[in-house]
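First comes the structure, then the notes that go with it.
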Amino acid sequence: MASRLILRIQERSARLTSSEKKIEHVLLQNQSLVETHTATELAAKAGVSKATTARFFRSLGYADFEEVRLQAREERNRREPYSDVETIPEPATFGRTISDHLELELRNLTRTFEELRSDLLPDISQVLEEAPRVWFVGFGDEQGLARLGRSLFARLRHGVHELQGQGHTWANELSMTGPRDALVLLTFEPRPKVLRPLLAHARTTRMRVITLTDHAYAPQAERFSEVVLPCHVASYGALPTHATMLSVLRLIAVAYLGRNPEAVSQRISTLAAIDEELDLFE
88 MASRLILRIQ ERSARLTSSE KKIEHVLLQN QSLVETHTAT ELAAKAGVSK
138 ATTARFFRSL GYADFEEVRL QAREERNRRE PYSDVETIPE PATFGRTISD
188 HLELELRNLT RTFEELRSDL LPDISQVLEE APRVWFVGFG DEQGLARLGR
238 SLFARLRHGV HELQGQGHTW ANELSMTGPR DALVLLTFEP RPKVLRPLLA
288 HARTTRMRVI TLTDHAYAPQ AERFSEVVLP CHVASYGALP THATMLSVLR
338 LIAVAYLGRN PEAVSQRIST LAAIDEELDL FE
C-alpha cells in the first residue's frame, strides 16, 4: 500500500522540476529512506542540493523534512502493530541466540527513541529540578530499576527516595510527600492492586507523576501522569526485557545533568569529599 508521501508525490508528479524528479525517482524506489536518512543524505543520494530537497517537501505540503519522517514512522507503526512477544527463530543455536537477542533489543531501543519526543526531556528535567523530593517506585522486576533510579539521581540532587515493598511499609514514607514532589513510576505487566491507591494518594497530594511503561499501558498512564514515556519491550515471551526502560531512565538523568551542570557538579564534589572523609573506597 502506498504511503501518504508517495501519494502526494504522484499527485504532483506532472508539476515537478527536473531536480525534484530526481528526488521522486529515489523515493519511489525506496520510500523508507525518509526514515533511515537525513535530508542532507537524501539530497546527496538524489544528486541535488539540500535546498532543493527542502523546497520539494514544502511543495508537497510538509513544514519540513522532520514532519515527513514523523509521518513515515506513524504509518510504519500502524502497519507493524506493537507486540509483546516475538517468535524465537529456529534453530536456536548459541551463536544464533546471541544475534537474535541483539537484533530484538536494538529494534526495541531504535523504535523507542525514534518515537520519543525531544521536547519532553526539558519538561521532565524541569519537573525533577523543581520537585522538593523525587520518589521512585517499581513493582516486581521494575523494583530493581526503581532502586537504580534512586541511586542514579541521588548522585545528581538531594531529596531522592524510593518507595519500597508492596505498600504495607509506605505510610511513613508517603507521609513525607507533598505538592510538586515528583513520582517516577516504572511499570510493566503484571501491575499490582496497590498501584491504584498509590496513584490516588499522589493525585490527592498533588505529586507530579512521570511514568515509564509499555505501549499497551501508555494511554491509561496518560490519565494520571504529567509525562508518559512509552518503551518498546518486545521479547521472546519467557523473560521480559528492561533494556529500553533502563536506557530511557539514564537518558532522563543525562538530560537533568545537562540542565543543571553547576548544581550537579557541586553535589558530586560534596559526595566525593564525604567518601574521602569516611575512607570507604580503595
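For what it's worth, our numbering labels the leading residue of the sequence shown as 88, then goes sequentially.
All C-beta atoms, glycine included, are put in the ideal place defined by N, C-alpha and C.
Per DSSP, the beta bridge partners of T274 are T300.
When DSSP states are grouped into helix, strand and coil, H248 belongs to the strand group. Note on geometry: alpha-carbon atoms of E107 and L207 lie some 35 angstroms from one another. When the beta-carbon positions are compared, S90 and E153 stay at least 8 angstroms from each other. Separation of M332 and Q307 (C-alpha to C-alpha, rounded to the nearest whole angstrom) is 18 angstroms.
Bounds of any alpha helix (DSSP H) do not take in G227, whose DSSP letter is neither H nor E. Assignment of R295 by DSSP, reduced to helix, strand and coil, places it in the strand class. Sequence-distant partners of L316 (beyond 5 residues in either direction) whose C-beta falls short of 6 angstroms from its own C-beta, in its chain, are L299, V335. Annotated as distal: A141 and F240, with beta-carbon spacing of 8 angstroms or more. For P306, the enclosing alpha helix (DSSP H) covers residues 305-308. Non-local beta-carbon contacts of T328 in its own chain, meaning distances under 7 angstroms to residues more than five positions away in sequence, involve E192, N195, V320, S322 in chain order. Here G246 is near V221, since their CB atoms are less than 8 angstroms apart. The DSSP-derived three-state label of V314 is strand. With the rule of 3 Cβ pairs closer than 8 angstroms, the region 285-298 does not count as touching the region 226-243.
In the three-state DSSP reduction, V351 falls in the helix class (H, G or I). CA-CA distance, L129 to F143, rounds to 12 angstroms. Setting aside the 5 residues that flank it on each side, R267 is surrounded in the same chain by E217, A218, P219, R293, M294, R295, each with a C-beta closer than 8 angstroms to its C-beta; the list follows chain order.
Just measuring C-alpha positions, the residue of L147, E202, P277, E122 sitting nearest R102 is L147. In its chain, beyond the 5 residues on either side, A342, Y343, R346 have a beta carbon closer than 6 angstroms to the beta carbon of S212.
Beta bridge pairing from DSSP links A218 with no other residue. Burial check for S105: the Cβ neighbour count within 10 Å stays below 16, so the residue is exposed. DSSP places A269 in the strand class (E or B) of the three-state scheme.
Residue L338 holds the alpha-carbon nearest to the alpha-carbon of F200 among L338, V351, L272, I361. Of the candidates R278, E309, I93, the residue whose Cα lies closest to the Cα of Q118 is I93.
Distance between R237 and H248, taken at the CA atoms: about 6 angstroms. In the three-state DSSP reduction, H329 falls in the coil class, being neither helix nor strand.
Around the C-beta of D301, 16 or more other C-beta atoms lie within 10 Å, and the residue is accordingly described as buried. In this structure, DSSP gives L261 a helical state, which the three-state scheme calls helix.
The beta carbon of R95 is closer than 7 angstroms to those of L147, G148 in its chain, skipping five residues each way along the sequence.
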